[in-house]
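Notes to accompany the following structure.
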Amino acid sequence: MARAKILLFNILLSLLQTANAQNQSLYNYQDLSHLYYQAQKDSLKKAWVCPDAFKERDTQKKLREFWDQRTDNITAAIINDDYVHDQDVYNYVAGIVRQIAAANPQLITFNDLVLLDRSPSVNAYTVGGHVLAVNLGLIVFSRTREELALAIAHEMSHDILRHFENGMQERAAWLTSDEYKNSLKDVLNSRYDRLTKLHHILENYTFSRSRHQRYHESEADSLAVILLKKSNIAFDARYFLHLDSADDDYLQRLQQPLRTYFTACQLPYEDGWTTRRSHGLSTRNYNFSDSTTLEDSVKTHPDCVERYQQVRRWTLANQPSTPIPTAIREKANKMLIWNLYTSGALTPCLYRILLEKDRGIKDPWYDFMISNIFYGLYYADRELNRFNAIGIIPKEYISRDYYALQTLLEQIPRESLRQSCETFGKEAFWASLTGPERNLKDLLNVMTLNTDEINQKQLAKAAHEFTADNAGSMYCEFADNLQKK
Amino acid sequence: MKTPTNRLFCPLLLILFTTAVRAQTKVFKEVGEDIATEIKAITQDNALVGYLAFTRLEKTDVDSFNYRVTVMDENLNDIGTVNFRSRNLQLQAVSFEQDVLCLGYVESPMAGVLTGKEARQAYRHSNMESQLLIQFISLSGKIINKFTSPVNLSTSAVTGTGSSWTYHMASYLKHDIQIKNIPGSGFAAFYGDETKRELLLLDAGGKLIRRRKIVADVPSYLLETSGSNIYLLTKMHINPLEGGFRLYTYTTTDSVKELVTDLKDKQGNWFKVLSFDNDPSTGKTFIAGCIINPDRQRDFITAHDLAKNPYLGLFSMTLGATQADMKTTYTYWANASIPGITEDGLFTSTENEFFARYATAFRDFSGMTVFVASALVQKRLLGAAKYKFADAAFVTQDSKGQLKLDNHIPCDESSYFGPAGQLDQLDHKDFYKVVNQDTKTNFIIVDDATNIYIYNFNSKKLMRTISHKDGRTIVRVFPAKEGHILVSEFNGKEKQTRFSIEAL
Numbered sequence: 001m002a003r004a005k006i007l008l009f010n011i012l013l014s015l016l017q018t019a020n021a022q023n024q025s026l027y028n029y030q031d032l033s034h035l036y037y038q039a040q041k042d043s044l045k046k047a048w049v050c051p052d053a054f055k056e057r058d059t060q061k062k063l064r065e066f067w068d069q070r071t072d073n074i075t076a077a078i079i080n081d082d083y084v085h086d087q088d089v090y091n092y093v094a095g096i097v098r099q100i101a102a103a104n105p106q107l108i109t110f111n112d113l114v115l116l117d118r119s120p121s122v123n124a125y126t127v128g129g130h131v132l133a134v135n136l137g138l139i140v141f142s143r144t145r146e147e148l149a150l151a152i153a154h155e156m157s158h159d160i161l162r163h164f165e166n167g168m169q170e171r172a173a174w175l176t177s178d179e180y181k182n183s184l185k186d187v188l189n190s191r192y193d194r195l196t197k198l199h200h201i202l203e204n205y206t207f208s209r210s211r212h213q214r215y216h217e218s219e220a221d222s223l224a225v226i227l228l229k230k231s232n233i234a235f236d237a238r239y240f241l242h243l244d245s246a247d248d249d250y251l252q253r254l255q256q257p258l259r260t261y262f263t264a265c266q267l268p269y270e271d272g273w274t275t276r277r278s279h280g281l282s283t284r285n286y287n288f289s290d291s292t293t294l295e296d297s298v299k300t301h302p303d304c305v306e307r308y309q310q311v312r313r314w315t316l317a318n319q320p321s322t323p324i325p326t327a328i329r330e331k332a333n334k335m336l337i338w339n340l341y342t343s344g345a346l347t348p349c350l351y352r353i354l355l356e357k358d359r360g361i362k363d364p365w366y367d368f369m370i371s372n373i374f375y376g377l378y379y380a381d382r383e384l385n386r387f388n389a390i391g392i393i394p395k396e397y398i399s400r401d402y403y404a405l406q407t408l409l410e411q412i413p414r415e416s417l418r419q420s421c422e423t424f425g426k427e428a429f430w431a432s433l434t435g436p437e438r439n440l441k442d443l444l445n446v447m448t449l450n451t452d453e454i455n456q457k458q459l460a461k462a463a464h465e466f467t468a469d470n471a472g473s474m475y476c477e478f479a480d481n482l483q484k485k
Numbered sequence: 486m487k488t489p490t491n492r493l494f495c496p497l498l499l500i501l502f503t504t505a506v507r508a509q510t511k512v513f514k515e516v517g518e519d520i521a522t523e524i525k526a527i528t529q530d531n532a533l534v535g536y537l538a539f540t541r542l543e544k545t546d547v548d549s550f551n552y553r554v555t556v557m558d559e560n561l562n563d564i565g566t567v568n569f570r571s572r573n574l575q576l577q578a579v580s581f582e583q584d585v586l587c588l589g590y591v592e593s594p595m596a597g598v599l600t601g602k603e604a605r606q607a608y609r610h611s612n613m614e615s616q617l618l619i620q621f622i623s624l625s626g627k628i629i630n631k632f633t634s635p636v637n638l639s640t641s642a643v644t645g646t647g648s649s650w651t652y653h654m655a656s657y658l659k660h661d662i663q664i665k666n667i668p669g670s671g672f673a674a675f676y677g678d679e680t681k682r683e684l685l686l687l688d689a690g691g692k693l694i695r696r697r698k699i700v701a702d703v704p705s706y707l708l709e710t711s712g713s714n715i716y717l718l719t720k721m722h723i724n725p726l727e728g729g730f731r732l733y734t735y736t737t738t739d740s741v742k743e744l745v746t747d748l749k750d751k752q753g754n755w756f757k758v759l760s761f762d763n764d765p766s767t768g769k770t771f772i773a774g775c776i777i778n779p780d781r782q783r784d785f786i787t788a789h790d791l792a793k794n795p796y797l798g799l800f801s802m803t804l805g806a807t808q809a810d811m812k813t814t815y816t817y818w819a820n821a822s823i824p825g826i827t828e829d830g831l832f833t834s835t836e837n838e839f840f841a842r843y844a845t846a847f848r849d850f851s852g853m854t855v856f857v858a859s860a861l862v863q864k865r866l867l868g869a870a871k872y873k874f875a876d877a878a879f880v881t882q883d884s885k886g887q888l889k890l891d892n893h894i895p896c897d898e899s900s901y902f903g904p905a906g907q908l909d910q911l912d913h914k915d916f917y918k919v920v921n922q923d924t925k926t927n928f929i930i931v932d933d934a935t936n937i938y939i940y941n942f943n944s945k946k947l948m949r950t951i952s953h954k955d956g957r958t959i960v961r962v963f964p965a966k967e968g969h970i971l972v973s974e975f976n977g978k979e980k981q982t983r984f985s986i987e988a989l
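Chains A and B are the protein sequences, given in the same order.
Under my numbering, think of the first position of the first sequence as 1, with each following residue one higher.
Under my numbering, think of the first position of the second sequence as 486, with each following residue one higher.
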């Protein structure tokens, strides 16, 4: 009965959040990690003191090197705005972390630093030292709170079991061992097969490590199940099977033909633009036997199916699951789309928006983003960078619709791109957008329609003015990038 | 792309591995110094269909190396790799037909430029035989066949660079390997060494169909194919220096027949060849160029030379398997009273009169031959002539020989120079064509000293002007897949090069 009440409450909560979703604003400029985590970044540097683990000077020195490297990597990622602190999404994720921590006080005696990584990749990770990062891609991909909690618990388990720290120590010991040094000397002393020998050393090392790693993964899976159980968070081994489709985002088909989406947005469209005219190798039936992918034995993670088999016995039947609140998913997805846009990945950005349209989302923010994409593509074209903005992916990794979309973006004439920008400028949806969003359109106009030739100084000035007029807006990041050029 | 399993929760390993790699910098550096990669375009029917990276990985014994061929599509995406072991190789030619890559190498311990020590080691320890190696690779990554034939390499001494007095020894094939695909059939290959020259006909499976000795021993050869016809354009070292072209025609269907054509007009005036290419509309091979004035045949070096009528006119020649199939169109400015062109070939219809320094020619989709030239503007001041290079000019010749100045576009202007100014040094324009078969459009890229100009011949519009240098960024443009250019931007500040394949 109590469980049913919780379920009902969650459903009501998620419905309430759906209603609010369209009106919620996203994060502020100050929430980008280079600003928000400034203090944490500095304290991490102080807090992460390398332990005295080895008597041998060389080994200890090597360990310190790795330790410092870890600090440098995470602080560089913070400075690079790889993370963002959106209060709602953060609260949701941190809530899961807190729930697990509170239910497992014997194992978790510390507070995790929870970071929201802006990457679209379906992933979560820890770098040890109680730093836990959850990618926006994972939040958008996960169907339920429990599924997301499994990924989080898995990473918390790595942290509890000190896998990262132990890994650094093992590596320091190996890299300063006589065996390793001698094998490197062998490479340098040999006249022949030097690359092969070096490859073997690394392969053996990787193989040995990955066996450990796979053991670590199984260990983390097992502990994660325990953590979840104690936290009263339902565990279902089938989540691993769902994670197996994590790479399928761009293999998903669209529900409508491309023409439908384009004409709905008043965008110019011709079927011919979606057909590849090239006679290049991309259109041929190639099937190279790929020797570059990892053999299963050297993968760090067992296959999801194998993981499913290993933990399925712990699945409890008929456990309730809580859908990720629409508002949280929506915000995470918008942040992810904006991040794809600012990093110049326009095709995946547009494809994700079309997938959202398939879900019946009417939020004008997505129209605003389609407009930004076409402005961006026109600008990239003028900058002789359309090819990189599209980021052509070989046909075997994407759906037929994605292929058609990237072909269209490649072949749509420059004049039609300009026409798209002009059309978007007059659309009615601008009226329902915020001031900074409308001002961004003005900045994009300066970049594209208002100038015959791109003048970097003029752009920097317009970007500076945008930042001054829209202080605190998340869109200032875009203006920042322009000023840095 | 990563597989789902290794993507999931993987940065942990990535960070570990990165740091492990850094710890071995010295070893990587030394091993890396042995690795060398070169990129070649893969072409079919003269269109770029992909790229190939050929990498020498490491020495495996006294004679051999491990090699890797990475095949990329026309968008620079990797589509597969092939690893193999071989003696020292120099990759010279790549072609593609019926889903088979055909690669032409020189295989020899001496091929390339070796230091004295390397050359001595090779002499002491290696199998010194040199051979031509033609390798056939399928799109499933299998080496399906190979063809070899012994060759004798030429050698010469090369001095070291900079302050180094080290002598290097260069060993090379006298005439590089050329490979062209024959649609629906296979490949034609030409090569020549000190003692022989051969034309090979191979099917797409790598089987030798025919080999033919080429008797003519001349300084240069150019191979072209069209349908079942194979053309070998040779250049003799004679007077006039710009003439001396002889064309050999063969067919895949007749093993005996050889048609030899000297490139001269009916009066015996030699042709200067500007273009030896295939018509984008018919696919037939054509040759186009200038008709050399026998009275001025030695004078083509300076501005003064160009102003004194070194050429009598222009020609274009559509090739075929028989003499009857060869159609040549001539236009002489001396006797044609062409509007806007004087008897000396001076263009007078423009604001600044100019002589055309013809650089190349192409065929448009209506069969018109278009001659592309740098405009040499002549100005007279108190009787003395001075010159400058300015516009790029496009001169058309129709099938009846009607010649006209189609258009001229402003490009980078040089300063004025005197009549003795050497044109080779003063004319910085390089021209090349880009064809869009789909929209039947011809583009000309004018790569000038300061800017790159992209001109749409059909709409007579200058599409883009790209500066070679923008702050600390240096921009260059190269041919790419049909209708596109490959733009390389080297950022001097970040020491990075960005490549982009842009539609025209």
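We put the CB at the ideal spot given by N, CA and C, even for glycine.
All values derive from a computational prediction rather than experimental measurement.
Endpoints, the beta strand (DSSP E) within which residue i is located
i: residue 632 (chain B); result: 628-635
i: residue 486 (chain A); result: This structure does not reach residue 486 (chain A), given that chain A is present from 1 up to 485, and the question cannot be answered.
i: residue 758 (chain B); result: 756-763
i: residue 948 (chain B); result: 946-952
i: residue 813 (chain B); result: 812-817
i: residue 866 (chain B); result: 854-866
Exposed unless 16 or more other CB atoms sit within 10 angstroms - verdict on residue i
i: residue 705 (chain B); result: exposed
i: residue 610 (chain B); result: exposed
i: residue 404 (chain A); result: buried
i: residue 876 (chain B); result: buried
i: residue 641 (chain B); result: exposed
i: residue 914 (chain B); result: buried
i: residue 758 (chain B); result: buried
i: residue 371 (chain A); result: buried
i: residue 592 (chain B); result: buried
Terminal residues of the alpha helix (DSSP H) in which residue i lies
i: residue 154 (chain A); result: 145-160
i: residue 369 (chain A); result: 364-382
i: residue 602 (chain B); result: 601-610
Inter-residue CB distance, residue i and residue j (contact presumed, cutoff 8 Å)
i: residue 399 (chain A); j: residue 253 (chain A); result: 5 Å
i: residue 693 (chain B); j: residue 632 (chain B); result: 6 Å
i: residue 554 (chain B); j: residue 564 (chain B); result: That pair is no contact at about 11 Å.
i: residue 510 (chain A); j: residue 346 (chain A); result: The structure shown does not extend to residue 510 (chain A), since chain A is modelled only from 1 to 485, so the question has no answer here.
Collapsed DSSP secondary structure at residue i in the structure displayed
i: residue 936 (chain B); result: strand
i: residue 323 (chain A); result: strand
i: residue 27 (chain A); result: coil
i: residue 594 (chain B); result: coil
i: residue 554 (chain B); result: strand
i: residue 769 (chain B); result: coil
i: residue 165 (chain A); result: helix
i: residue 660 (chain B); result: strand
8 Å CB neighbourhood of residue i in its chain, flanking five on each side removed
i: residue 970 (chain B); result: 919, 930, 939, 962, 963, 964, 986, 987, 989
i: residue 130 (chain A); result: 110, 111, 112, 113, 159
Beta-carbon contacts of residue i that lie in its chain and below 7 Å, excluding the five residues immediately before and after
i: residue 532 (chain B); result: 967
i: residue 29 (chain A); result: 472, 473, 474, 476, 477
i: residue 900 (chain B); result: 873
Residues of its chain near residue i, where Cβ-Cβ distance is below 6 Å and the 5 sequence neighbours each way are ignored
i: residue 115 (chain A); result: 83, 133
i: residue 355 (chain A); result: none
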